[in-house]
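J.:
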Amino acid sequence: MAPLIMGNPDRPSTPPATAHSSVPPNRRRRRSSPSWRPSDHPGPVPHGPAGHPTCEGPLTMSDDAVRDDDTEDLYDHAPCGYLSTGADGTLVRVNHTLAEWLGRPREQLLGARFVDLLTVGGRLHHETHFAPLLAMQGSVSNIATEMRCADGSRLPVLLSSVIRRDARGRPVLVRTIVFEAGDRRRYERELLAARRQAERDRDRAQRLAAVLQRTLFPPTLAEVPGLETAAYYRPGAQDVVGSDFYDLFPLHGDRWGLFIGDVCGRGPAAAALTSLTRYTLRAAVVHDPDPRAVLGTLSSVLAQEGSGDTPALCTGW
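Okay, so the sequence shown: first residue is 0 according to numbering that gives the first Met the number 0, each after it adds one.
#1: For THR89, count neighbouring C-beta atoms within 10 Å of its own C-beta (all shown protein chains included) and say buried if the count is 16 or more, exposed if not.
#2: May I have the straight-line CA-CA distance separating PRO288 from ARG277, to the nearest angstrom?
#3: If you drop the 5 nearest sequence neighbours on each side, which residues of the same chain put their C-beta closer than 7 Å to that of SER160?
#4: For the pair the region 141-149 and the region 84-101, tell me if three or more CB-CB distances fall below 8 Å.
#5: Assign ASP72 to buried or exposed, taking buried as 16 or more other Cβ atoms, counted over all protein chains shown, within 10 Å of its Cβ.
#6: If you count every other CB in all the chains shown that lies within 10 Å of the CB of THR219, and 16 or more means buried, which is it?
#7: Output the residue ranges of the beta strand (DSSP E) runs that lie fully inside the region 235-296 and measure 3 residues or longer, sorted by chain position.
#8: Tell me the DSSP secondary structure of PRO224 in three-state form.
#9: For THR279 versus LEU297, is the C-beta distance shorter than 8 Å?
#10: If you measure between the beta carbons of SER242 and ALA269, is that distance less than 8 Å?
#11: Leaving out the 5 sequence neighbours to the left and right, which residues in its chain are closer than 6 Å to SER83 when beta-carbon positions are compared?
#12: Between ALA180 and LEU207, what straight-line distance do the alpha-carbon atoms span, to the nearest angstrom?
#13: If VAL262 sits next to LEU247, beta carbons under 8 Å apart, how far is it from one beta carbon to the other, in whole angstroms?
#14: Excluding the 5 residues flanking PRO11 on each side, which residues of the same chain have their C-beta closer than 7 Å to its C-beta?
#15: Here's the rule: buried if 16 or more other CB atoms are within 10 angstroms of the residue's CB, otherwise exposed. What is VAL177?
#16: Out of ALA166, PRO131, ARG167 and ARG183, point me to the one whose CA is closest to VAL156's CA.
#17: Would you mind giving the Cβ-Cβ distance between VAL240 and LEU211, rounded to the nearest angstrom? I have them listed as a contact below 8 Å.
#18: Taking only three categories from DSSP, how would you classify THR96?
#19: Rank THR214, ALA77 and ALA230 by C-alpha distance to the C-alpha of ALA221 and give the top, closest one.
#20: At which residues does the beta strand (DSSP E) containing PRO131 begin and terminate?
#21: Considering only DSSP beta bridges, list what THR70 is partnered with.
#22: Find the nearest neighbour of LEU257 within the set VAL284, GLY168, ARG163 and ALA143, judged by alpha-carbon distance.
#23: By DSSP's criteria, THR89 is part of a beta bridge. Which residues make up the other side?
#24: Can you give me the C-alpha to C-alpha distance between TYR318 and ASN94, rounded to a whole angstrom?
#25: Give the range of the alpha helix (DSSP H) segment to which ARG184 is assigned.
#26: In this structure, does DSSP put ARG122 in helix, strand or coil?
#27: Between LEU318 and HIS125, is the Cβ-Cβ spacing less than 8 Å?
#28: Which whole-angstrom value describes the C-beta separation of LEU158 and ILE142, a residue pair presumed to lie in contact below a C-beta threshold of 8 Å?
What follows is the structure, given as structure tokens:
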């Protein structure tokens, strides 16, 4: 559809005059786009690769706002600390963020030695690890240490430093970035405490399992005339009571009783059933040494212990 032209139909139409600028093209200033407001563009913001907003989509800041972002202000109010030291280790520049973390005026920090901002342990770590590694490699990353605040408290930090050299390769400055690591240090302490508690619980479970396991075996094997005996038991897990059992004991006259068995399952329930099986066999063989009678008594006892979906099962010879 052709556009409608509003005007006097009697008056001859003349082409619009072309505006010419006296400013050279390379000196002309582009007009900035107006600031974008969420109410102007309802719906999701278009994004390109890696989740970045596309150039065609609405922006959250105007071009003027981006140009007005001062690099000096970015240095001073960055979400991390910045400092620079001379070759002798004295502070020559500190940003506002680090000065605020330490609770000290920036003027008080300038000229001070960097090691004086560290705790006693931090100084020792700096002299024995941080400084030699920095001198050897030219840079270090993510070194955990602690800095002293004005109120005497400790500030856990992560330091990353790089040496700036002159044209002759001599060190001129050491630039350091400081990350506050209080939350990380607390998380590490909690993780270490949980690990130690888990190790204590495991040791306690292993000791308890060992004590219960010993109740399922005779302390020592009886000496049988004319027969050499030995026993060795290796549990499948150190913190779980096994269900294996054995016993060797004298009967009337020159007869001896020996049985080796295994109860179905593992853990406390299986250990209880194993103990019941062993002592039932010992008691039954005293009244009637016939193997069929002994196993019949054991079968009756196990039938009483079995219930529904968890029958009591024992194998042995």
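Glycine residues also receive a C-beta, built at the ideal position from the N, C-alpha and C atoms.
T.: Per the coordinate set shown:
#1: Here residue 89 is taken as the residue at index 90 of the sequence shown, counted from 1. Exposed, since its Cβ has fewer than 16 Cβ neighbours within 10 Å.
#2: The sequence position of residue 288 within the sequence shown is 289, counting from 1. The sequence position of residue 277 within the sequence shown is 278, counting from 1. The alpha-carbon atoms of PRO288 and ARG277 are separated by roughly 15 Å.
#3: Along the sequence shown, read from residue 1 onward, the residue named residue 160 stands at position 161. Closer than 7 Å at Cβ, skipping near neighbours: LEU133, SER138, VAL139, VAL173, ARG174 and THR175.
#4: yes
#5: As a position in the sequence shown, residue 72 is number 73, starting the count at 1. Burial call: exposed.
#6: Mapped onto the sequence shown, residue 219 falls at position 220. Its Cβ having fewer than 16 others within 10 Å, THR219 is exposed.
#7: 243-249 and 255-262
#8: Counted from its first residue, the sequence shown places residue 224 at position 225. It is coil, neither helix nor strand.
#9: Locating residue 279 in the sequence shown gives position 280, counting from the first residue. Locating residue 297 in the sequence shown gives position 298, counting from the first residue. Result yes, Cβ atoms of THR279 and LEU297 sit closer than 8 Å.
#10: Within the sequence shown, the letter at position 243 stands for residue 242. Within the sequence shown, the letter at position 270 stands for residue 269. Yes.
#11: Looking up residue 83 in the sequence shown gives position 84. Excluding sequence neighbours, SER83 sits near VAL91, ARG92, LEU172 and ARG174.
#12: Within the sequence shown, the letter at position 181 stands for residue 180. Within the sequence shown, the letter at position 208 stands for residue 207. Their Cα atoms are separated by approximately 40 Å.
#13: As a position in the sequence shown, residue 262 is number 263, starting the count at 1. As a position in the sequence shown, residue 247 is number 248, starting the count at 1. The pair is not a contact, with the Cβ atoms about 19 Å apart (cut-off 8 Å).
#14: Along the sequence shown, read from residue 1 onward, the residue named residue 11 stands at position 12. A caution first: PRO11 carries a pLDDT of 45, below 50, which makes its placement in the model unreliable, though a value can still be read off. No residues qualify anywhere along the chain.
#15: Indexing the sequence shown from 1 puts residue 177 at position 178. The residue in question, VAL177, is buried, as its Cβ has 16 or more Cβ neighbours within 10 Å.
#16: Your numbering for residue 156 matches position 157 in the sequence shown. Nearest C-alpha to VAL156: ARG183.
#17: Counting from one through the sequence shown, the residue named residue 240 turns up at place 241. Counting from one through the sequence shown, the residue named residue 211 turns up at place 212. Contact flag correct, Cβ pair sits at about 5 Å.
#18: Counting from one through the sequence shown, the residue named residue 96 turns up at place 97. In the structure shown, THR96 sits in a helix (DSSP, three-state: H, G or I).
#19: Sequence index remark: in the sequence shown, residue 221 carries index 222 (1-based). With distances taken between Cα atoms, ALA221 lies closest to ALA230.
#20: Translated into positions along the sequence shown, residue 131 becomes position 132. Note, PRO131: premise wrong, no beta strand (DSSP E); alpha helix (DSSP H) at 130-136.
#21: By one-based count along the sequence shown, residue 70 stands at place 71. Paired residue(s): none; THR70 is not in a bridge.
#22: By 1-based counting over the sequence shown, the position of residue 257 is 258. Looking at the Cα atoms, VAL284 is the closest of the given residues.
#23: By one-based count along the sequence shown, residue 89 stands at place 90. THR89 is bridged to ARG112.
#24: Any answer about residue 318 is impossible in this case: the structure gives the chain only from 0 up to 316.
#25: For the purposes of this step, residue 184 is taken as residue 185 along the sequence shown, with counting starting at 1. 181-213 is the extent of the alpha helix (DSSP H) around ARG184.
#26: In the sequence shown, counting from the first residue as 1, residue 122 sits at position 123. In the structure shown, ARG122 sits in a helix (DSSP, three-state: H, G or I).
#27: Within the shown structure, residues of the chain are numbered from 0 to 316, placing residue 318 beyond reach of any answer.
#28: Walking along the sequence shown from the start, residue 158 turns up at place 159. Walking along the sequence shown from the start, residue 142 turns up at place 143. Going by Cβ atoms, the distance from LEU158 to ILE142 rounds to 5 Å, so yes, they are a contact pair.
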